[in-house]
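Inspection log for the structure reproduced underneath, given as structure tokens.
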Amino acid sequence: AVEEGIVPGGGTALLYATKALDGMSGINEDQTRGIDIIRRALQAPVRQIAENAGFDGGVVAGKLFDQKDSNFGFNASTDVYEDLVKAGVIDPTKVVRIALQDAASVAGLLITTEAGIAESPDDKPAMPMGGGGMGGMGGMDF
Numbered sequence: 012a013v014e015e016g017i018v019p020g021g022g023t024a025l026l027y028a029t030k031a032l033d034g035m036s037g038i039n040e041d042q043t044r045g046i047d048i049i050r051r052a053l054q055a056p057v058r059q060i061a062e063n064a065g066f067d068g069g070v071v072a073g074k075l076f077d078q079k080d081s082n083f084g085f086n087a088s089t090d091v092y093e094d095l096v097k098a099g100v101i102d103p104t105k106v107v108r109i110a111l112q113d114a115a116s117v118a119g120l121l122i123t124t125e126a127g128i129a130e131s132p133d134d135k136p137a138m139p140m141g142g143g144g145m146g147g148m149g150g151m152d153f
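If you're matching positions, the sequence shown starts at 12 in the numbering used here and goes up one per residue.
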């Protein structure tokens, strides 16, 4: 936070970052689809946090899209829409930026990979049934 500052937390900064993609289209259909995928991915944290709090993520994201104040967001701890920076719901800018860069890097790697290696599941038989209860303890039956 000291190096690059802070942004509103709870995925709100990522959601508002989608506004930078408005009106943007790629030079071909693949790039345009990529932009749409990024737009949906940036909305996912707000939606998931809202759903984890018992709310409809689509409704929460929709309400935030209509806001002009980029600090305004949904505080899942208090179930209130408010200025998240004033409420102390913040994320370090550097952490959000690096997470986004790393996610894009991994996605690019997966797209350009022609083959992958994975472990196949072992076909081990299921564990045998456990022993029956404990036998009597001699001389303890009253």
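Using N, Cα and C, we set each Cβ at its ideal position, and we do this for glycine too.
All of these numbers come straight from a predicted model, not from anything done at the bench.
Beta-carbon proximity check, residue i vs residue j, cutoff 8 Å
i, j, result
"GLY21", "PHE85", "yes"
"PRO2", "GLU40", "Here the chain covers residues 12 to 153 and nothing more, so residue 2 does not appear."
Secondary structure of residue i, DSSP reduced to three states
i, result
"ASP47", "helix"
"ASN163", "Nothing can be reported for residue 163, as the shown portion of the chain is limited to 12 through 153."
"VAL91", "strand"
"PHE76", "helix"
"SER116", "helix"
"ALA55", "helix"
"VAL106", "helix"
"GLU125", "coil"
"ASN63", "helix"
"ASP41", "helix"
Environment of residue i [buried if 16+ CB atoms lie within 10 Å]
i, result
"GLY34", "exposed"
"ALA24", "buried"
"GLN54", "buried"
"LEU95", "buried"
"VAL71", "buried"
"VAL91", "exposed"
"ILE109", "exposed"
"VAL201", "Residue 201 lies beyond the stretch modelled for the chain, which goes from 12 to 153, so this question has no answer here."
Residue(s) in a DSSP beta bridge with residue i
i, result
"PRO19", "ILE101"
"ASP33", "ASP33 is not bridged to any residue."
Rounded distance between the beta-carbons of residue j and residue i, thought under 8 Å
i, j, result
"LEU75", "LEU26", "6 Å"
"GLY68", "VAL57", "7 Å"
"THR29", "GLY37", "Incorrect: roughly 16 Å between the Cβ atoms, too far for contact."
"ILE60", "ALA87", "5 Å"
"VAL107", "VAL18", "6 Å"
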